[in-house]
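Residue numbers (this note's numbering): 142 to 473.
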């Protein structure tokens, strides 16, 4: 694997055709049919494979692994989902927030599968596949420490409302207290009512614009179909990289008895526009995933400073004391 210099977080960091050569290419790198990537694995496969193309993210993970050589064991322990246990004593939200925030972000090396990015998703084995259906949920679930960092990073933090509104994504981050004494049906009804009461309607006094919920697309417009099409485009793009952009060679590629046309479809047989469109689509998605991964890179930058800056490490648990004191809060 190439060991190129990391790209700073926030800068454009998309695919650099890192090691897509015929000697390294595996069938699972370009063949994402249902028999290779099952329907229940699609979201995890999509996120895993497109992240492999982001140079800054690859380099950040590699650097984190060098600093944390125990990453395999740590990933395995963190990927286990323990049963929720009740606390032995009541804990105030402020105390819990302080406890979480006083700890630095978990190293990036501990949060990424140890075989990433060298091994394609289709070759990870049974255990990661069984966990794949949980990835989407964990991606949406906010870590309370990360939530606190996002709040403090915003100007005028003490005067902010009790939620985080994302104008670009038209989404809102909310912390809930879940009364587990209620049944699941009661909790669902309560949340349904909360949605009815709190969906942005653009009302006077509400800074949030009206947001109409989208109807779930069906057929080719559905999310699974779009993700499958994205992965097909990614496979075509990687083949083009291996053949230095020469479509006439990429389209006749065969590996382990599987040919490109069988995997990608008849549209890629002697159809130059199909290859051009696939490359464009893949690059657009790589750019999109690179922006998503910027959040991970920023957290890793905090972790790196915590590991290498003794003064920062000593003062880190005290950072909450600077809330509301101007620019001091932004030094995190």
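For each residue, glycine too, the CB sits at the ideal point set by N, CA and C. Values in this document were obtained by computation on a predicted structure and should not be read as measured data.
Run the CB neighbour count on residue 172, radius 10 Å, all protein chains shown included, and call it buried at 16 or more, exposed below. So residue 172 ends up on the buried side.
N-terminal and C-terminal residue of the alpha helix (DSSP H) that residue 307 is part of: No alpha helix (DSSP H) holds residue 307; the beta strand (DSSP E) holding it covers 305-307.
When the Cα atoms are used, what is the spatial distance from residue 419 to residue 367? One alpha carbon belongs to residue 419, the other to residue 367, and they sit about 13 Å apart.
Exposure label - residue 371; buried when at least 16 CB within 10 Å: Burial of residue 371 is indicated by the presence of at least 16 other C-beta atoms within 10 angstroms of its C-beta.
Since I believe residue 440 is in contact with residue 246 (beta carbons under 8 Å), could you give me their beta-carbon distance rounded to a whole number of angstroms? The Cβ separation is near 4 Å, so the contact holds.
What number of angstroms, rounded off, separates the C-alpha of residue 449 from the C-alpha of residue 306? Distance between the alpha carbons of residue 449 and residue 306: 33 Å.
So if DSSP puts residue 312 in a beta bridge, which residue, or which two residues, is it bridged to? Note: residue 312 sits in a beta bridge opposite 307.
Which ranges would you report for the alpha helix (DSSP H) in the region 172-211 if only whole runs of at least 4 residues count? 183-192, 196-208, all fully within the region 172-211.
Pairs of beta-carbons, one from the region 254-267 and one from the region 161-172, closer than 8 Å: are there three or more? With the rule of 3 Cβ pairs closer than 8 Å, the region 254-267 counts as touching the region 161-172.
Which value, in whole angstroms, describes the spacing of the CA atoms of residue 146 and residue 200? In this prediction, residue 146 has a pLDDT of 39, which is less than 50 and means its spatial position is unreliable; what the coordinates show is noted afterwards. Looking at the two C-alpha atoms, the distance is approximately 7 Å.
What residue does the alpha helix (DSSP H) around residue 166 start on, and which one ends it? Counting along the chain, no alpha helix (DSSP H) covers residue 166, and no H or E run does either.
So, for residue 279: in the same chain, excluding its five sequence neighbours on each side, which residues have a beta-carbon less than 8 Å away from its beta-carbon? Any reading at residue 279 must be qualified, since the residue scores a pLDDT of 41, below 50, and its modelled position is unreliable; the value itself is stated next. The answer is none, since no qualifying residue turns up.
Alpha-carbon to alpha-carbon, residue 374 and residue 409: Answer to the nearest angstrom: the Cα atoms are 10 Å apart.
Starting from residue 400, follow its DSSP beta bridges and name the residues at the other end. Residue 400 is bridged to 395.
So for residue 375, helix, strand or coil by DSSP? Here residue 375 sits in helix by DSSP.
Beta-carbon proximity check, residue 434 vs residue 197, cutoff 9 Å: With contacts defined as CB atoms closer than 9 Å, residue 434 and residue 197 qualify as a contacting pair.
Relative to the C-alpha of residue 424, which candidate in 193, 334, 320 has its C-alpha closest? Cα-wise, what sits closest to residue 424 is 193.
Backbone secondary structure at residue 433 - three-state DSSP: Helix, per DSSP.
Alpha-carbon to alpha-carbon, residue 248 and residue 444: It is roughly 6 Å from the alpha-carbon of residue 444 to the alpha-carbon of residue 248.
So, is residue 340 buried or exposed, given that buried needs 16 or more other C-beta atoms within 10 angstroms? Answer is exposed; the Cβ neighbour count stays below 16.
Taking DSSP as the reference, what is the three-state secondary structure of residue 340? Per DSSP, reduced to three states, the secondary structure at residue 340 is coil, with no helix or strand assignment.
In terms of alpha-carbon separation, which member of 363, 385, 457, 162 lies closest to residue 183? Nearest of 363, 385, 457, 162 to residue 183, Cα basis: 363.
Short of 8 Å in beta carbon distance, which residues of its chain neighbour residue 388, apart from the five on each side in sequence? Order them along the chain. Once the five neighbours on either side are set aside, the close Cβ partners of residue 388 are 381, 413, 416.
Residue 254 to residue 343 span [Cα, whole Å]: If you draw a straight line from the Cα of residue 254 to the Cα of residue 343, it comes to about 42 Å.
Looking only at its chain, what residues have a beta carbon closer than 8 Å to the beta carbon of residue 190, apart from the 5 residues adjacent to it on each side? These residues qualify, in order along the chain: 173, 261, 262, 372, 375.
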